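Q:
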Amino acid sequence: MSRRIAAIVAMFATATVIAGCSSTPASEGDGDVAPGYPITIETAKGEITIPDKPKRVVVTNGIPLDPLLALGIEPVAVDVAGGVEAFPWLADDLDPSLIDDALVGDDFKANPEAIATYEPDLIVAIENEVKDKAIYDQLASIAPVVTGLDANDSWDVRLAMMGEAVGESEKAAELDKQIRNDAATLVEQAPGLTDATYQWVRYEADGNLIMGNGSVLELFGLAPGDGQDNTMNSGASISQENLDQLNADVVGIWCRAECAPLTADPRFASLPAVQSDLLIWPDLPLATAMNSPGPLAIPYVMEQIGPQLTAGAAQLTG
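Right, here's the structure in full:
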């Protein structure tokens, strides 16, 4: 967790203690149930009810784990596909002893039996892990299941949902505000970005460039370029024969396959992003941070590509 985010968490922890000292004792209110609970949340699987502030949270994926850690929540168990190496921005906040690779099977489906051993009062998963209705129903019989609203929710929607689920909505709103403020600071250093466009793609062995989620770049004032589809649901792509359509000012290409055939294309060197040194070659962790960002991943993205964006933006302004 960055020092700034840690300070936000500490600030709200202090405020909670102060409020607790002056509030009505639980015995005079609604028993042992935390204020604001029970709550009802809309998810991809419909409405769920969380009866009380969760104390034993199991998280089956690094994507929703990001906002939960940023909010100061320590799960009782997590599954992080690829390990912390795939999510390096989680390393400072995640106790590696909490990782249990059995929570999700090799088929990328949640494992209810393994999850149940932790006696969770909240289960947080991504929608793809619980597509099987039988698996979801089995999990729901153990504890409420938060799956998000879509297969790839935007970072701010996910942060707000996680904040609501664990009773930390104010903290989530403050984190959202801080992220936007930090992004605005980068834009001040690179004003040329506010008139720029972006495309964020994955290169496949068949030569196709598949659209990924580059929406984080919009925090820096960029707008989606031609054909950019951040949903990652449509399979939108650019074939290599139409390479000239990769014409945004800022382009990110994650090479899932060897990119030599792409860079050898005689048109490649003439792409606007190549000419302006605003072509980004993300490794897998950066590609993951971009495609499924969170309040810990976004500062990592800024550290990784901020200097290149700042330098390249000067060329965009001439």
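Using mature numbering (1 follows the signal peptide of the UniProt record, and there is no 0), the letters of the sequence shown map in sequence onto residues -19 to -1, 1 to 299. No residue lacks a Cβ here, since even glycine has one placed at the ideal position from N, Cα and C. Nothing here was measured: the structure is a model prediction, and the numbers come from that model.
Runs of 3 residues minimum, wholly inside the region 114 to 169: which ones carry the beta strand (DSSP E) assignment?
A: none
Q: Is the beta carbon of V182 sitting closer than 9 Å to the one on P101?
A: Start at 1 with the first residue of the sequence shown, and residue 182 comes out as number 201. Start at 1 with the first residue of the sequence shown, and residue 101 comes out as number 120. No. Outside cutoff.
Q: Could you give the DSSP three-state label for E23: helix, strand or coil?
A: Taking the sequence shown and counting its residues from 1, the one referred to as residue 23 is at position 42. Note: E23 maps to strand in three-state DSSP.
Q: Among Q226, T269, Q296, D246, which has the Cα closest to the Cα of L259?
A: Locating residue 259 in the sequence shown gives position 278, where the first residue counts as 1. Nearest neighbour of L259 by Cα position, chosen from Q226, T269, Q296, D246, turns out to be Q296.
Q: CB I107 to CB P69, shorter than 9 Å?
A: As a first step, residue 107 must be located in the sequence shown, where it is residue number 126. As a first step, residue 69 must be located in the sequence shown, where it is residue number 88. Contact: no.
Q: Return helix, strand or coil for L103, following the three-state DSSP convention.
A: Counting from 1 along the sequence shown, the entry for residue 103 is found at position 122. Assigned with DSSP and collapsed to three states, L103 falls in strand.
Q: If I measure Cβ to Cβ from G293 and keep anything under 6 Å in the same chain, skipping five residues before and after, which residues do I get?
A: As a first step, residue 293 is located in the sequence shown; it is residue number 312 there, counting from the start. If we look at G293 and ignore the five residues flanking it on each side, its Cβ neighbours are S257, D258, L259.
Q: Once the 5 residues before and after T178 are set aside, which same chain residues still bring their CB inside 6 Å of it?
A: Translated into positions along the sequence shown, residue 178 becomes position 197. Cβ within range, chain order: A204, G206, A229, D230.
Q: Short check: CB of residue 303 to CB of I286, under 9 Å?
A: This structure leaves residue 303 out entirely; the chain is present only between -19 and 299.
Q: Give the straight-line distance between the Cα atoms of A165 and T175, rounded to the nearest whole angstrom.
A: As a first step, residue 165 must be located in the sequence shown, where it is residue number 184. As a first step, residue 175 must be located in the sequence shown, where it is residue number 194. A straight line joining the alpha-carbon of A165 with that of T175 spans about 10 Å.
Q: Since Y179 sits in a beta bridge, which residues does DSSP pair it with?
A: For this step, residue 179 is matched to residue 198 along the sequence shown. Partner(s): P205, V231.
Q: Alpha helix (DSSP H) containing M271: first to last residue?
A: For the purposes of this step, residue 271 is taken as residue 290 along the sequence shown, with counting starting at 1. 265 to 272 is the span of the alpha helix (DSSP H), which, as asked, contains M271.
Q: At the level of alpha carbons, what is the spacing between T128 and S273?
A: Locating residue 128 in the sequence shown gives position 147, where the first residue counts as 1. Locating residue 273 in the sequence shown gives position 292, where the first residue counts as 1. Each residue's alpha carbon lies about 14 Å from the other.
Q: Less than 9 Å separating the beta-carbons of I191 and G216?
A: For this step, residue 191 is matched to residue 210 along the sequence shown. For this step, residue 216 is matched to residue 235 along the sequence shown. In contact: I191 and G216 (Cβ atoms closer than 9 Å).
Q: Grouping DSSP H, G and I as helix and E and B as strand, with all else coil, what is E28?
A: For this step, residue 28 is matched to residue 47 along the sequence shown. DSSP places E28 in strand when its eight states are reduced to three.
Q: Under 8 Å: do the region 82 to 102 and the region 135 to 153 share three or more Cβ pairs, one atom per stretch?
A: The region 135 to 153 and the region 82 to 102 do not touch, with fewer than three beta-carbon pairs separated by less than 8 Å.
Q: Which of helix, strand or coil does DSSP assign to S220?
A: One-based indexing of the sequence shown puts residue 220 at position 239. Looking at S220 - three-state DSSP - the assignment turns out to be coil, as it is neither helix nor strand.
Q: Inspect the beta-carbon positions of P266 and A67 and report whether they are closer than 9 Å.
A: In the sequence shown, counting from the first residue as 1, residue 266 sits at position 285. In the sequence shown, counting from the first residue as 1, residue 67 sits at position 86. Closer than 9 Å, so yes.
Q: In whole angstroms, what is the alpha-carbon distance linking E185 and R237?
A: As a first step, residue 185 must be located in the sequence shown, where it is residue number 204. As a first step, residue 237 must be located in the sequence shown, where it is residue number 256. Roughly 6 Å separates the two Cα atoms.
Q: If we ignore side chains and look at the alpha-carbon of each, how far apart do I20 and Y281 end up?
A: Mapped onto the sequence shown, residue 20 falls at position 39. Mapped onto the sequence shown, residue 281 falls at position 300. Spanning the two alpha carbons is a distance of roughly 32 Å.
Q: To which residues of the same chain is K36 closer than 8 Å at the C-beta, ignoring the five residues directly before and after it?
A: The residue labelled residue 36 in the question sits at position 55 within the sequence shown. The residues D102, in chain order, have a CB closer than 8 Å to that of K36 in the same chain once the five nearest residues on each side in sequence are set aside.
Q: Comparing C-alpha positions only, which one of I261, S78, I219, A51 sits nearest to E149?
A: In the sequence shown, the residue the question calls residue 149 occupies position 168. Answer by Cα proximity: A51.
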